[in-house]
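Under the numbering used here, the letters of the sequence shown match residues 732 to 901, in that order. Beta carbons: idealized from backbone N, C-alpha and C, even for Gly. No experiment lies behind these values; they were computed from the predicted model shown. Written out below as structure tokens is the structure these notes cover.
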Amino acid sequence: MSEGWIGVDLDGTLAEYDGWKGVEHIGKPIPSMVERVKAWIIEGKDVRIFTARVCMSQSKKDFTTAYEAIAAWCRKYIGKELKITAEKDWKMIKLWDDRCVSVIPNTGEIIPLDSNERVKELEAERDRLRKALKEVLNCEVVTDTGDYSKGGTGFDCNEVKEIIRGALAE
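If you want it as structure tokens, here you go:
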């Protein structure tokens with residue numbers, strides 16, 4: 732098993748959802764997500780159903796009914812029962828959910844759901860950095876021998892240029 736787990740929302744992400752129809756009603760599977768989950772399982776990843784259907788603020792009867800319905804749905808469409816939770820913990824590494832707003836880590840910046848403006852900004856920044864790296868490849872270093880004993884910086888400029896060429900090729 733991999734370190735950490737992947738949470739997958741049920742309603743609207745893994746199963747179709749067109750409004751609440753009761754604890755036991757779960758929509759049809761969304762094929763692309765079901766296939767993704769199956770692939771993760773084959774890869775040995777820990778995949779869990781992450782849903783409010785099993786939150787602790789409901790009656791024990793509704794909790795049990797929902798849990799059993801989800802487990803049966805998983806057996807039928809995924810081929811095995813998955814862990815089911817309404818809580819995230821420090822080992823959750825990803826959450827797939829139709830209601831989440833995604834942010835760029837450590838920035839608070841939203842990644843827009845309905846536009847790709849941020850993607851365009853990041854692509855422009857990437858292009859600017861690529862141009863700068865190409866300029867570095869074209870410069871000549873005449874004072875640095877790369878030899879510490881002769882006062883150099885200790886790096887080989889040709890080696891740095893090869894690393895840059897490799898990065899630009901990706």
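Sheet register partners of residue i (DSSP bridge)
i           : result
residue 800 : None, per the DSSP bridge assignment.
residue 740 : 781
residue 841 : 834
residue 746 : 742 and 760
Residue i, buried or exposed, once every other Cβ within 10 Å from all chains shown has been counted against 16
i           : result
residue 742 : buried
residue 820 : exposed
residue 829 : exposed
residue 734 : exposed
residue 736 : buried
residue 868 : exposed
residue 740 : buried
residue 804 : buried
residue 744 : buried
residue 757 : buried
residue 879 : Bear in mind that the predicted position of residue 879 carries a pLDDT of just 49, short of 50, making it unreliable; the figure below should be weighed with that in mind. With fewer than 16 Cβ atoms within 10 Å of its Cβ, residue 879 is classed as exposed.
Where residue i falls: helix, strand or coil (DSSP)
i           : result
residue 825 : strand
residue 911 : This structure cannot settle anything about residue 911, because the visible part of the chain is limited to 732 through 901.
residue 835 : coil
residue 762 : helix
residue 755 : coil
residue 864 : helix
residue 791 : helix
residue 820 : coil
residue 854 : helix
residue 702 : Any answer about residue 702 is impossible in this case: the structure gives the chain only from 732 up to 901.
Cut-off 6 Å between Cβ atoms - residues of its own chain near residue i, not counting five sequence neighbours on either side
i           : result
residue 784 : 797
residue 824 : 735
Residues near residue i by beta carbon distance below 8 Å, same chain, minus five either side
i           : result
residue 759 : 746 and 747
residue 857 : none
residue 771 : 737 and 778
residue 811 : 772 and 805
residue 861 : 899
Close beta carbons around residue i, own chain, < 7 Å, minus the five adjacent residues each side
i           : result
residue 809 : 765, 768 and 769
residue 835 : 842
residue 813 : 778, 779, 780 and 805
Supposed contact pair residue j and residue i - C-beta distance, whole angstroms, cut 8 Å
i           : j           : result
residue 817 : residue 754 : So it is not a contact: roughly 13 Å between Cβ atoms.
residue 864 : residue 899 : 6 Å
residue 815 : residue 782 : 7 Å
Any C-beta of chain D under 7 Å from that of residue i
i           : result
residue 744 : Among the chains in the structure shown there is no chain D, since it carries only a single protein chain.
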